[in-house]
Ligand SMILES: [Zn+2]
C-alpha cells in the first residue's frame, strides 16, 4: 500500500533525524521512547543507527593526529628548509658582496688600471681616461640588491617569518 509506505518513510525520516541527538543523549523521555520503539520495529533504521554509532566510535578511537588549532598557532613552527627562500637569500647576499667589492674597488681606485671597456655611449668627460663603468655597476647592483632584499623579506613573511619583538 502506497499510503502506508509514505507514512513509513516519514516515520523513518523523523527517527533518523533524532538518531544523532539520541546517541548524544539529548532527547527527552518521550522522544527517546519513540526512537526506541521504532528501532525495534524497523530494520533499516536500526542499521542506520548502528552505522552512525560505529562511525562515532571509529572517530573517537582514532588517535589525535594534529594538535588543536589554538595550540598549533602558539606552537613555534617547525623549521623546514625552503629552497626558494634559501635561493633568494643566497642571491641577495651575493649581490650585496658584489656591491661591496665594487664600492671598495671604486674607493681604492682599483678599476682605474683596467683597460677601458668599449661603450656605445659617450663617456663622461670628468672621469677622464680612467673611466670604467663603476657608477653604473654600483647603481645597478644597488637596485638589484633592494629588489632582492624586498622579495626575500616579503617571501619570508609570507612563509610565516616573524620579526623579533621590540621590548
Ligand atoms: Zn525506520
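Residue numbers (the working numbering): 87 to 253.
Just so it is clear, CB atoms sit at the ideal spot from N, CA and C, and this is done for glycine as well.
Unbroken alpha helix (DSSP H) run spanning residue i, endpoints
i	result
residue 135	129 to 147
residue 241	220 to 244
residue 181	169 to 193
Residue i Cβ short of 6 Å to ligand 3 heavy atom set
i	result
residue 135	This structure lacks ligand 3; the ligands present are ligand 1.
Nearest neighbour of residue i, chosen from the options [CA to CA]
i	options	result
residue 238	190, 169, 222 and 192	169
residue 137	102, 113 and 221	102
residue 193	173, 176, 220 and 180	220
residue 109	139, 120, 126 and 115	139
residue 179	150, 222, 230 and 141	230
Other residues of its chain near residue i: CB distance less than 8 Å, five sequence neighbours each side excluded
i	result
residue 171	238, 241, 242 and 245
residue 224	185, 188, 189 and 192
Own chain residues within Cβ distance below 7 Å of residue i, not counting five before or after
i	result
residue 87	Confidence is the limiting factor: at residue 87 the pLDDT is only 47, short of 50, which leaves the residue's position unreliable and the question unanswerable from this model.
Measuring CB atoms only, is the stretch 243 to 250 touching the stretch 174 to 194, in the sense that at least three cross pairs come out at less than 8 Å?
Not touching, per the Cβ criterion.
Tell me whether the stretch 97 to 110 and the stretch 127 to 139 touch, counting them as touching only if at least three CB pairs, one residue from each stretch, are closer than 8 Å.
Contact between the stretch 97 to 110 and the stretch 127 to 139 is present, with at least three C-beta pairs closer than 8 Å.
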